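Residue numbers (our numbering): 44 to 209.
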Amino acid sequence: MIVDVAIELIIPDNAAYTVLLALRGLGYAELARVERVDSLRLTVAGGASQAADTMRALSRAEVVFNPNKHRLSYSVVDDDPMLVDPPEYEASVHELEDETASLTRLLVGRFELHGLQDVRRGVVWRLYEGNRSVSAQRLEAACDALLSNPHLQSASIARRPVRRSL
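As structure tokens, this is what we get:
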């Protein structure tokens, strides 16, 4: 099973604000808000019922999550995901060569994430004009312009899933 984990700042995000200003300078004048979310995609042995146990263990792993400055949420990746309505889009940006073996060993050994097989780190970007998410096409153009480097990273655009808070 794959667990999609979102680690969102609950304090002001200077990087997101810098991206907001840069995108406005690149022609996104209507942009009102940028959200940057750290992302983990965990490959875990077992079924969906194991996801809650995995997340409880992850919530104690302060190497990736600090409860004083982050909010933790997750969804189980499956063929029929629940999606945010009205539609919102997000860009997932991942390093092409991201070495996470040591992080995986640390999470399994010290933080007891039993069944954890693999970790993939990334950043999720969400852009808003007014109170609405920008279109998938507009978000893809922002990835091409600023949010990702195709020589080092992969970027994919998808509807935002409903994630459960922990």
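Yeah, the Cβ is synthetic: ideal placement off N, Cα and C, and Gly gets one too.
These numbers come from a predicted model, not from an experiment.
Local Cβ density within 10 Å of residue i, reported as buried at 16 or more and exposed below that
{"i": "A94", "result": "buried"}
{"i": "S208", "result": "exposed"}
{"i": "M125", "result": "exposed"}
{"i": "P193", "result": "exposed"}
{"i": "S191", "result": "buried"}
{"i": "E51", "result": "buried"}
{"i": "P110", "result": "exposed"}
{"i": "V205", "result": "exposed"}
{"i": "V136", "result": "buried"}
{"i": "L150", "result": "buried"}
{"i": "G36", "result": "Residue coverage of the chain in this structure runs from 44 to 209, which leaves residue 36 outside it and unanswerable."}
{"i": "R169", "result": "buried"}
{"i": "V106", "result": "exposed"}
DSSP bridge partner residues for residue i (one or two, in chain order)
{"i": "G70", "result": "None, per the DSSP bridge assignment."}
{"i": "T97", "result": "Answer by DSSP bridge pairing: none, since T97 is not bridged."}
{"i": "A198", "result": "V136"}
{"i": "L159", "result": "V87"}
{"i": "A49", "result": "S82 and S116"}
{"i": "G165", "result": "S82 and H137"}
{"i": "L170", "result": "V77"}
{"i": "R207", "result": "Y117"}
Beta-carbon proximity of residue i to residue j, cut-off 7 Å
{"i": "A198", "j": "A134", "result": "yes"}
{"i": "V62", "j": "V80", "result": "no"}
{"i": "R114", "j": "I54", "result": "no"}
{"i": "A88", "j": "F154", "result": "no"}
{"i": "P291", "j": "R202", "result": "The chain is shown only over 44 to 209; residue 291 falls outside these bounds and no answer can be derived."}
{"i": "L182", "j": "Y132", "result": "yes"}
{"i": "A185", "j": "I200", "result": "no"}
{"i": "A91", "j": "V119", "result": "yes"}
{"i": "L195", "j": "L139", "result": "yes"}
Distance between beta carbons of residue j and residue i, contact taken as under 8 Å
{"i": "A58", "j": "Y171", "result": "A58 to Y171, Cβ: 16 Å. No contact."}
Beta carbon proximity, residue i to chain C, threshold 7 Å
{"i": "A49", "result": "In the structure shown, chain C does not exist; there is a single protein chain."}
> Should the stretch 66-73 be regarded as contacting the stretch 155-162, the criterion being three or more beta carbon pairs within less than 8 Å?
Replying inline: These segments do not touch.
>> With three or more C-beta pairs closer than 8 Å as the rule, is the stretch 46-53 touching the stretch 78-86?
In response: Yes: at least three Cβ pairs fall under 8 Å.
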